[in-house]
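Residues 16 to 454 in my numbering are what the sequence shown spells out, letter by letter. Glycine residues also receive a C-beta, built at the ideal position from the N, C-alpha and C atoms. None of these values were measured; they are calculated from a predicted model. Shown next, in structure tokens, is the structure this report addresses.
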Amino acid sequence: MNNHRLLTGLLSAILLGGGVCAVGQTRQVFTMEELFEVAESNSVQLRPSVDAEEVARREISVANSQWLPDINASLSLSYIGNGFITRRDFSGYEKAPIPHLGTGLGLNVSQPVYTGGAIRNSIRMAELKLTASRYATELQRDNIRFTLAGFYLDIYKYGNLRDVVTGNLAQARMVLDEMKARYEQGLALQNDITRYELLVSDLELQLIKISNTLDILNNNLVVTAGLPANTVIVPDSTILSRALPSESESWWQSEASGNAPSLKLARSGVDISRKAEDLVKSERMPKVGVQAVWTMDGPILVEIPPINRNLSYWYVGLGVSYNISSLYKTNKALAKSRAATQEALVRLDAAAENVSLGIRADYIRYLEAYEELRTQQKSVELADRNYSTVSTRYSAGMALITDMLDAANSKLDAEQRLVNARIDIIYYYYKLLFTSGKI
């Protein structure tokens, strides 16, 4: 009995406090969409994708800078030793004094004019990578939103289950008090009381487990959304009363084909692979550039004896270069790029197939959830009627305790399945939104 009182006291503290660690917590009502907006700004899990997008954006600036001229300046100081002069047969050795201080100053400006598409393709490649990064961010955002939706709906479900179990517990305690009164009158057995006390204890344990589950779910939701740790999420009570759209499966398939981030990411992968082919092909093209050079060197060593003065000259011209070895070196690189493109196309087909299968399955489950709801509403109606009948018969001494236990368990089970059925409709709707890229 002391254990029973201890359990009851602990349960009361949990229910009155709203959880195991309710001190300092702030209860706040959030709609699903409000949570999505909070996570958009605060979720730690989304930041790597956003940072990767910023890196890809800066990569475009780097690629564009290839059109800027290359400017090289050089300055050199050197010590030049004395030389000597000989005949071609190395006879007739004669010293040749040379000014020892050597200086060099140069400026080279080169402006690319035509690169065979290398710069243009590299810029386009950077732009495609930015697009892919955006799709990757969108996919990660949708994953986070669907995760939040799962936690949110579970909190709603377990909150309703707690209300169901609490109601059944109060009803069970009333029956238990009635049994004890009948026992004192000699109309009930001690064994009946014991068995119903076990039912009450089981319901009390269920409440503790439900409260702990709610605490875990709330923590998961708060951390994922990036909310303060002391926040207690209270789901919007109107979520089950919303009129959900009833579009056909073909409509969902069409929306998924155009909006699913996984498909967008796969398509961008194909575009990137094809642009990589163009980059390899550009290596086979000549490169044309405008070049301007100015130099000043001293002393002048091409004269004998050397002239201890600086020689300066400049020129402007058009340079054309062609890597002949690219004709036979790029074949394998091009074959590799084409194989990568083919792989990307296969990945796109596989992604499209997975999305289509996902939409099909989610849509069937979505319709099934409505059927489940209608069935469970009828089950609860029948279970309530059965419990009322058995309870009346038991009070009149016309039913056994086992009948009461069966009726109570059936009522509890039916009410719990009704809660699950209502939540399943919302869950599969958001699953459709997630799979189709509209969440």
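- Message: Along the chain, where does the alpha helix (DSSP H) containing residue 259 start, and where does it finish?
- Response: In this chain, residue 259 is not harboured by any alpha helix (DSSP H), its DSSP state being neither H nor E.
- Under the three-state DSSP convention, the category residue 42 falls into: In the three-state scheme derived from DSSP, where H, G and I count as helix and E and B as strand, residue 42 is classed as strand.
- Query: Is the beta carbon of residue 271 sitting closer than 7 Å to the one on residue 374?
  - Reply: Yes, they are a contact pair.
- Item | Alpha-carbon spacing of residue 151 relative to residue 74, whole angstroms | Going by the C-alpha atoms only, they are around 16 Å apart.
- Query: When burial is assigned at 16 or more other CB atoms within 10 Å of the CB, is residue 284 buried or exposed?
  - Reply: Burial of residue 284 is indicated by the presence of at least 16 other C-beta atoms within 10 angstroms of its C-beta.
- Message: If you follow the alpha helix (DSSP H) that residue 420 is in, where does it begin and where does it stop?
- Response: That run of the alpha helix (DSSP H) goes 416-451.
- Local conformation of residue 230 per DSSP, three classes: The answer is helix: DSSP assigns residue 230 an H, G or I state.
- For residue 99: DSSP bridge partner residues: The bridge partners DSSP lists for residue 99 are 110.
- Item | 8 Å contact criterion, which residue 217 and residue 44 should meet: CB distance rounded | For a cut-off of 8 Å, the C-beta gap from residue 217 to residue 44 is around 32 Å, too long to register as a contact.
- Task: Assign residue 363 to one of three DSSP states: helix, strand, or coil.
- Result: Residue 363 carries a helical assignment under DSSP once its states are collapsed to helix, strand and coil.
- Query: Are there 16 or more other CB atoms within 10 angstroms of the CB of residue 143, so buried, or fewer, so exposed?
  - Reply: So residue 143 ends up on the buried side.
- Item | residue 55 versus 160, 321, 176, residue with shortest Cα-Cα distance | Comparing Cα positions, the closest option is 160.
- Message: Is it the case that the stretch 93-100 contacts the stretch 111-118, given that we only count it when at least three CB pairs across the two stretches are under 8 Å?
- Response: Contact holds: three or more Cβ-Cβ distances are below 8 Å.
- Item | With 16 other Cβ atoms within 10 Å as the buried cut-off, status of residue 173 | Within a 10 Å sphere around the beta-carbon of residue 173 sit 16 or more other beta-carbons, which makes this residue buried.
- Query: Who does residue 88 pair with in a DSSP beta bridge?
  - Reply: Looking at the DSSP output, residue 88 bridges to 122.
- Item | Beta-carbon spacing of residue 241, residue 57 below 7 Å | A contact, by the Cβ cut-off of 7 Å.
- When DSSP labels each residue in this structure, what does residue 47 get in the three-state scheme? DSSP places residue 47 in the helix class (H, G or I) of the three-state scheme.
- Is it buried or exposed for residue 36, if we count other Cβ within 10 angstroms and need 16 for buried? The pLDDT assigned to residue 36 is 45, lower than 50, so where the model puts this residue is not dependable, and the model offers no usable value.
- Can you check whether the CB of residue 235 is closer than 7 Å to the CB of residue 166? Against a cut-off of 7 Å, the Cβ pair of residue 235 and residue 166 comes out as a contact.
- Endpoints, the beta strand (DSSP E) within which residue 82 is located: For residue 82, there is no enclosing beta strand (DSSP E), as DSSP gives it neither H nor E.
- When the Cα of residue 371 is compared with those of 451, 290, 156, which residue comes out closest? Per the Cα distances, 451.
- Query: Quick one: what's got a C-beta closer than 7 Å to residue 405's C-beta in the same chain, skipping five residues either side?
  - Reply: For residue 405, the CB contacts under 7 Å within the same chain, skipping 5 residues up- and downstream, are 414, 418, 419, 422 in chain order.
- What is the rounded straight-line gap between the Cα of residue 352 and the Cα of residue 380? Taking the straight line joining both Cα atoms gives about 42 Å.
- Can you pull the DSSP bridge partners for residue 307? Beta-bridge pairing links residue 307 to 124, 331.
- Nearest to residue 222 by CA position, among 206, 201, 239, 185, is which residue? Taking the Cα of residue 222 as reference, the smallest distance to any Cα among 206, 201, 239, 185 is reached at 185.
- Query: Can you tell which of 219, 132, 327, 326 has its C-alpha closest to the C-alpha of residue 290?
  - Reply: Cα-wise, what sits closest to residue 290 is 132.
- Message: So residue 148 and residue 71 are supposed to be a Cβ contact under 8 Å. How far apart are they, rounded?
- Response: Confirmed, about 4 Å.
- Task: State buried or exposed for residue 194, treating a residue as buried only when at least 16 other CB atoms are found within 10 Å of its CB.
- Result: In the assembly as shown, residue 194 is a buried residue. Its beta-carbon has 16 or more other beta-carbons within 10 Å.
- How far does the alpha helix (DSSP H) with residue 190 in it reach, from first residue to last? Start and end: 133-199.
- If you follow the alpha helix (DSSP H) that residue 248 is part of, which residue opens it and which one closes it? Following the DSSP letters along the chain, one finds residue 248 in no alpha helix (DSSP H) but inside the beta strand (DSSP E) bounded by residues 246-250.
- State yes or no: is the C-beta of residue 237 within less than 7 Å of the C-beta of residue 42? No; because the gap between Cβ atoms is not below 7 Å, this pair is not in contact.
- Residue nearest to residue 286 in terms of C-alpha spacing, selected from 367, 59, 358: Of the candidates 367, 59, 358, 358 places its Cα closest to the Cα of residue 286.
- Inter-stretch contact (C-beta, 8 Å, three-pair minimum) for the stretch 339-352 and the stretch 303-317: Too few Cβ pairs lie closer than 8 Å, so no.
- Item | Bounding residues of the alpha helix (DSSP H) (the contiguous stretch that carries residue 274) | First-last of the alpha helix (DSSP H) with residue 274: 264-274.
- Item | residue 204 (DSSP reduced to helix, strand or coil) | Reduced to three states, the DSSP call for residue 204 is coil.
- Would DSSP call residue 412 helix, strand or coil? In the three-state DSSP reduction, residue 412 falls in the coil class, being neither helix nor strand.
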